[in-house]
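Counting from 1, position 358 in the sequence shown corresponds to residue 358 in the UniProt record's numbering; the numbering is continuous, with no gaps.
Here the structure comes first, spelled out in structure tokens, and everything after it is commentary.
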Amino acid sequence: MFYSEMDLLLVPYTSDPSLKMVQWPPFLLASKIPIALDMAVQFRSKDADLWKRICADEYMKCAVIECYESFKIVLKTLVVGENEKRTIRIIIKEIENNISKDTLLANFRMAPLPVLCKKFVELVGILKDGDPSKKDAVVFLLQDMLEVVTRDMMVNEIRELVELGHSNKESGRQLFAGTDEKPAIAFPPELTAHWVEQIRRLHILLTVKESGTDIPSNLEARRRISFFANSLFMDMPRAPRVRNMLSFSVLTPYYSEETVYSKSELEMENEDGVSIIFYLQKIFPDEWNNFIERLNCKENEIWENDEKILQLRHWVSFRGQTLCRTVRGMMYYRRALKVQAFLDMADEKDKKSQRSLYAQLEAVADLKFTYVATCQNYGNQKRNGDRRATDILNLMVNNPSLRVAYIDEVEERDGGKAQKVYYSVLVKGVDNLDQEIYRIKLPGNAKLGEGKPENQNHALVFTRGEALQTIDMNQDNYLEEAFKMRNLLEEFNEDHGVRPPTILGVREHIFTGSVSSLAWFMSNQETSFVTIGQRVLARPLKVRFHYGHPDVFDRIFHITRGGISKGSRGINLSEDIFAGFNSTLRRGNITHHEYIQVGKG
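Structure (structure tokens):
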């Protein structure tokens with residue numbers, strides 16, 4: 001049977017306490033059982049030497065122990081007849097006595113072991129399907145397995161087994177056959193989620209013969225898993241409970257960039273006759289196949305269904321530099337906080353309803369995280385019927401905790417004279433409409449210098465919490481990195497010298513390097529300029545002149561010192577530079593942290 005990469009990467013949802021061991025993802029244990037069987041069959045030395053060879057590979061050792069323990073669990077669940085249970089107990093006791101005395105190879109022949117394994121794989125396959133009509137096949141398999149062990153593998157007969165065999169012959173009944181009044185096996189067993197998962201995992205361990213070294217095959221998935229695993233061994237503060245962590249906001253400035261690609265944009269061909277959708281199918285073939293599998297349809301059927309077209313638009317938008325991608329990435333913070341709050345709060349003895357726990361998780365996540373996208377032209381786009389305004393509204397509806405800030409220009413009459421009045425407005429999505437939360441009258445047009453700095457600063461008042469992360473429109477985030485946000489925020493409480501930190505520097509990963517050779521060059525240049533350069537500036541200089549866009553600011557420090565960026569009519573320079581100047585000149589302290597990263601295009 002073919003198993004997908006997802007099957008091989010899944011860690012068991014509920015770990016079995018009776019196993020008393022770590023259950024690794026199956027791809028690490030793949031092919032270990034067939035190799036161990038070959039070793040056992042061909043081995044001609046002592047038990048201790050065989051076990052030493054198996055233990056040389058930690059994953060092989062775990063696979064062997066897990067399969068043996070799972071084998072016992074399957075028999076215990078399946079066999080209910082008293083005679084049958086007694087027979088199995090005698091055999092297992094004999095095996096374990098020999099293991100403890102290092103005499104297993106002397107008293108059991110290993111040559112028939114592959115035959116026993118083949119019968120057991122057939123049994124597990126039937127249990128996996130749970131077909132009640134195959135009860136007779138289960139009985140025959142159990143009888144065959146018993147015969148292989150007692151006749152082919154055991155060197156010496158066991159007196160108790162011989163006596164049991166005589167009594168069964170006299171009564172004229174076969175082991176495992178049973179009767180309607182007194183069944184010998186419980187088949188099909190009760191199909192709980194845990195049992196189904198356990199049997200499926202056991203089948204994978206026994207049958208997958210290919211090495212799992214190339215799993216996952218997707219290079220981006222491997223990079224993310226590797227970075228996350230490595231980062232857990234770096235020095236980082238201990239994470240507090242979600243209720244006790246510092247609250248934070250994320251702020252994203254948006255002008256009029258692409259929000260979600262439209263259907264026509266997906267199919268539109270450039271001068272070389274290549275459309276966006278065709279290009280992405282060639283760049284990400286495995287991800288495209290996974291997407292088709294999730295939709296459960298053929299490629300040509302996607303265009304016939306509006307719901308599937310919308311999912312396709314999102315799939316493409318998540319691979320471009322769109323607001324949709326940035327919002328999805330930042331919303332991982334909320335999802336991560338809910339998972340972590342659940343682990344903090346959930347208690348098996350807790351008698352509260354699931355609904356009240358869910359409401360608590362939502363409330364805690366809302367208290368600790370706010371996301372504001374500051375779309376300065378949203379008001380004008382809405383009035384002009386721009387498609388982007390509809391897309392932004394859809395983002396608010398699909399992400400209830402997303403807030404959009406914009407500058408609203410209104411003509412008001414004062415004594416018969418019309419004049420423009422400017423308002424800073426915050427809205428949220430409710431019932432497929434945007435609902436106004438705050439409207440603050442401004443003394444004049446906020447856009448004095450460059451648009452982006454004023455766009456950020458006018459929305460600062462709508463952010464909440466002690467920390468503020470500035471995320472640009474071309475950035476992305478990952479769920480596994482979002483889990484480390486609690487640790488990062490604790491850096492504000494750590495000892496970093498004379499003064500507490502005011503900007504926490506965060507590394508960036510450039511995700512557009514594979515698009516072309518120019519993009520590869522630009523991604524290397526950006527990595528050296530932002531991540532490597534900032535690392536040197538922060539240690540030992542403790543300065544950060546050009547802040548990297550995922551940096552986390554001490555919100556109170558900066559909101560009382562002129563904001564996080566300044567627009568200048570005179571100096572045509574990156575507006576971000578002034579936040580670093582501000583922090584340094586006003587006696588701030590700047591750090592850089594390698595254990596967490598944000599994606600950047």
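No residue lacks a Cβ here, since even glycine has one placed at the ideal position from N, Cα and C.
- Minimum Cα-Cα distance from Q198 among the listed residues V11, G212, M110 corresponds to V11.
- Here the alpha carbon of I90 sits roughly 13 Å from the alpha carbon of M154.
- In the structure shown, H549 falls within a coil segment according to DSSP collapsed to helix, strand and coil.
- The alpha carbon of K118 has as its nearest neighbour, out of S45, F176, E66, I33, the alpha carbon of I33.
- With a threshold of 16 other beta carbon atoms within 10 Å, Y378 meets it and is buried.
- The continuous stretches of alpha helix (DSSP H) do not include E409, which lies in the beta strand (DSSP E) extending over residues 402 to 414.
- Within its own chain, the residues whose Cβ lies closer than 8 Å to the Cβ of G212, once the five positions on either side in sequence are excluded, are L8, P26, F27, L28, L29, A30, S31, listed in chain order.
- Taking the Cα of T370 as reference, the smallest distance to any Cα among E307, R403, M21, R238 is reached at R403.
- Apart from the 5 residues on each side of it in sequence, W195 sits with its Cβ closer than 8 Å to the Cβ of T77, P189 in its chain, given in chain order.
- For Q419, the uninterrupted beta strand (DSSP E) run begins and ends at 417 to 430, by DSSP.
- Between D344 and R464, the CB-CB gap reaches or exceeds 7 Å.
- Around E490, the same chain offers P237 as residues with beta carbons nearer than 6 Å, after the five sequence neighbours per side are excluded.
- Distance from the CA atom of L504 to the CA atom of G125, rounded to whole angstroms, is 53 Å.
- Short of 6 Å from the beta carbon of I215, and not among the five residues preceding or following it, lie these beta carbons of its own chain, in chain order: E5, L8, F27.
- Comparing C-alpha distances from I99 to each of K46, V274, M60, L113 shows the shortest one belongs to K46.
- Minimum Cα-Cα distance from E409 among the listed residues E287, Q435, K382, W315 corresponds to K382.
- Taking all protein chains in view, the Cβ of R387 is surrounded by fewer than 16 other Cβ atoms within 10 Å, so the residue is classified as exposed.
- When C-alpha distances from Q360 are compared across V372, A373, C375, V339, the shortest belongs to V339.
- Cβ-Cβ distances below 7 Å link T326 to T252, I471, M473, Q475, D476 in the same chain, with the five nearest sequence neighbours on each side left out; the list follows chain order.
- Within the same chain, I88 come within 6 Å of L75 by CB-CB distance, once the 5 residues on both sides are set aside.
- In the pairwise beta carbon analysis, the segment 283 to 297 is classified as not touching the segment 491 to 511: fewer than three pairs are separated by under 8 Å.
- Taking C-alpha positions only, R86 is separated from K182 by approximately 16 Å.
- The three-state reading of DSSP puts M485 in helix, counting H, G and I together.
- K298 and L312 have their C-alpha atoms roughly 13 Å apart.
- No Cβ-Cβ contact shorter than 7 Å links S583 with P453.
- A Cβ-Cβ separation of about 6 Å places L460 in contact with G563 under the 8 Å criterion.
- Between T207 and the set D129, N445, F120, the nearest pair of CA atoms involves F120.
- By the 16-neighbour rule on beta-carbons within 10 angstroms, Q534 is buried.
- Contact between I204 and Y358 does not hold, since their C-beta atoms are separated by about 33 Å, which reaches or exceeds 8 Å.
- DSSP, reduced to helix, strand and coil, places S275 within a strand of the structure shown.
- Where V598 is concerned, the enclosing beta strand (DSSP E) starts and stops at 590 to 600.
- Beta-bridge pairing by DSSP links V372 to L251, R403.
- If the five residues before and after T322 are omitted, its C-beta is found closer than 8 Å to the C-beta atoms of E257, E258, T259, V260, Y261, all from its own chain and listed in chain order.
- Note that the C-beta distance between F228 and E480 is below 7 Å.
- If you look at G505, you'll find it in the beta strand (DSSP E) that goes 503 to 510.
- Here A579 carries a helix assignment [DSSP, helix/strand/coil].
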